[in-house]
Amino acid sequence: MDSLNKSIENHYLKAGLYEDIINRLIKQNIALDNVKRSDISGTDEFHVRGAVVSKELANSIKINGLDVLDVGCGLGGPCRMLADEYKCQTTGIDLSNEYIRTATKLSELVNLKDKTTFIQGNATELPFEDKTFDVVWTQHVQMNIPNKKKFYSEINRVLKTDGYFLFYEILRKENGTINYPMPWASVSNHSFLFKAEEMDKYLIELGLTRELSTDQTQAGIIFFETLVAKLKEFGPPKMGLNVLMGDTTKTKLMNLLTHLKSGELELKSGVYKK
Ligand SMILES: C[S@@+](CC[C@H](N)C(=O)[O-])C[C@H]1O[C@@H](n2cnc3c(N)ncnc32)[C@H](O)[C@@H]1O
106 MDSLNKSIEN HYLKAGLYED IINRLIKQNI ALDNVKRSDI SGTDEFHVRG AVVSKELANS
166 IKINGLDVLD VGCGLGGPCR MLADEYKCQT TGIDLSNEYI RTATKLSELV NLKDKTTFIQ
226 GNATELPFED KTFDVVWTQH VQMNIPNKKK FYSEINRVLK TDGYFLFYEI LRKENGTINY
286 PMPWASVSNH SFLFKAEEMD KYLIELGLTR ELSTDQTQAG IIFFETLVAK LKEFGPPKMG
346 LNVLMGDTTK TKLMNLLTHL KSGELELKSG VYKK
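Residue numbering for the sequence shown follows our numbering, beginning at 106 and increasing consecutively.
Spelled out as structure tokens, the structure:
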């Protein structure tokens, strides 16, 4: 692994993550032989608006029963949701060994290990044959990847003809200094923000067709304002993104909220067809 990816893996590293989640379930008196996806969904969907926005994305195409790859799958919450609610066969790939270990064990915990496979690897060197998947899905990952061209060409390569690429992204909207830490990067040189127009250009050049583009910024701002108010009133939740971001959760979320509100950043989701 090159030094940039090692630093990015370290940024996300939380040793003993699965064990921490188990301890939190025990403290809430949740029986370990009866854990539901909803018991862990506050922490296993590491993006703005969590499980709600993943369902919206899933509903943007007819995804039932399809073979899906989640690039930068994190703890695998979206893969489990797609397997459980849409009968998809899912594969998740992520740079982080600790996230992949946790994703695999969480799927065992909620009895979804037969429908979800998690692999440690780099999004820019996907270890799959050409045209393997009906759907490639990615949420809040490309900000860590400098070589956007390689990222999108790998996605396109492993996607079947007539397949769908679904994305949900944090993108640069206006120029201006960005304050760090952010949820995806402790420092600016681990962050490679680019604009929606640039993403669209890469994908169109690869031959994909844009079918849907949704501005998610306002929904994200409302979500964050509610979350920050709850954090102020009740403190950290028992099973939230604080499990992943620890003591810096509030600073990271406030920095992201500030830039969404002031217009340097935006949230977008959408669908491209091959
Ligand atoms: C903000 S998290 C989002 C996780 C997941 N997509 C979700 O929404 O729950 C970003 C993820 O991208 C992964 N990542 C960053 N760079 C990557 C790369 N080059 N290849 C694969 N995964 C990468 C990180 O390890 C992390 O799990």
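Quick reminder that beta carbons are idealized off the backbone N, C-alpha and C, glycines included.
Residue i and residue j closer than 9 Å at C-beta
i: Q244; j: Y273; result: yes
i: S165; j: G155; result: no
i: D172; j: T237; result: yes
i: D189; j: M344; result: no
i: K254; j: Y307; result: yes
i: I260; j: V153; result: no
i: K366; j: I309; result: no
i: G375; j: T319; result: yes
i: K218; j: T209; result: yes
i: V263; j: D235; result: yes
i: F329; j: L370; result: no
i: K381; j: L311; result: Given a span of 106 to 379 for the chain in the structure shown, any question on residue 381 remains unanswerable.
i: Y76; j: A163; result: Limits of the chain in this structure are 106 at one end and 379 at the other, which puts residue 76 out of reach.
i: T353; j: S291; result: yes
i: S186; j: R142; result: Inspection of the sequence shows that residue 186 is occupied by Met rather than by Ser. Contact flag set, yes.
i: Q323; j: V158; result: no
i: G170; j: C193; result: yes
Residue i: CB within 8 Å of a non-hydrogen atom of ligand 1
i: G182; result: yes
i: Q244; result: yes
i: F151; result: yes
i: A120; result: no
i: S201; result: yes
i: C178; result: yes
i: T229; result: yes
i: G345; result: no
i: Y123; result: no
i: G375; result: no
i: G325; result: no
i: N249; result: yes
i: N294; result: no
i: P288; result: yes
i: N360; result: no
i: G226; result: yes
i: Y117; result: yes
i: Y74; result: Outside the modelled stretch of the chain, which goes from 106 to 379, sits residue 74, for which no answer is possible.
i: E114; result: yes
Terminal residues of the alpha helix (DSSP H) in which residue i lies
i: E203; result: 202-214
i: V263; result: 253-263
i: G250; result: Residue 250 is actually Ile in this sequence, not Gly. Careful: I250 lies outside any alpha helix (DSSP H) and carries neither H nor E.
i: V348; result: 347-350
i: I135; result: It is not in any alpha helix (DSSP H) - I135 carries neither H nor E in the DSSP assignment.
i: G170; result: That residue, G170, is in no alpha helix (DSSP H); it is neither H nor E in DSSP.
Beta strand (DSSP E) segment containing residue i, residue limits
i: G197; result: 194-199
i: D325; result: Note on residue identity: the sequence assigns Gly, not Asp, to residue 325. Unbroken run through G325 is the alpha helix (DSSP H), 322-339; no beta strand (DSSP E).
i: L162; result: Counting along the chain, L162 falls outside any beta strand (DSSP E), though it belongs to the alpha helix (DSSP H) covering 155-163.
i: L96; result: The question about residue 96 has no answer here: the residues shown for the chain are numbered 106 through 379.
i: E234; result: Taken as a continuous stretch (DSSP letters only), E234 belongs to no beta strand (DSSP E), as it is neither H nor E.
Cβ distance (whole Å) where residue i is taken to contact residue j below 8 Å
i: Q225; j: N252; result: Between N252 and Q225 the Cβ distance is about 19 Å, and since that is not below 8 Å, they are no contact.
i: R277; j: F299; result: 6 Å
i: L211; j: V240; result: Actually they are not in contact, since the Cβ atoms of L211 and V240 sit about 21 Å apart, beyond 8 Å.
Contacts around residue i, its chain only, beta-carbon distance under 7 Å, and the 5 residues preceding and following it disregarded
i: W289; result: H245, M248, N249, S296
i: I110; result: The residue you asked about is not Ile; residue 110 is Asn in the sequence shown. Cβ within range, chain order: L200, N227.
i: Y204; result: Y117, G179, L180
i: M350; result: P288, K357
i: F256; result: A228, T229, Q247, I250
Cβ-based neighbour list, residue i, same chain, cut-off 6 Å, excluding 5 preceding and 5 following
i: V348; result: T148
i: N360; result: N284, M287
i: D175; result: P183, C184, G197, W242
i: E114; result: L200, S201
Contacting residues, own chain, Cβ-Cβ under 8 Å from residue i (five flanking each side not counted)
i: I131; result: L137
i: K355; result: V333, L336
i: P232; result: I198, I224, G226
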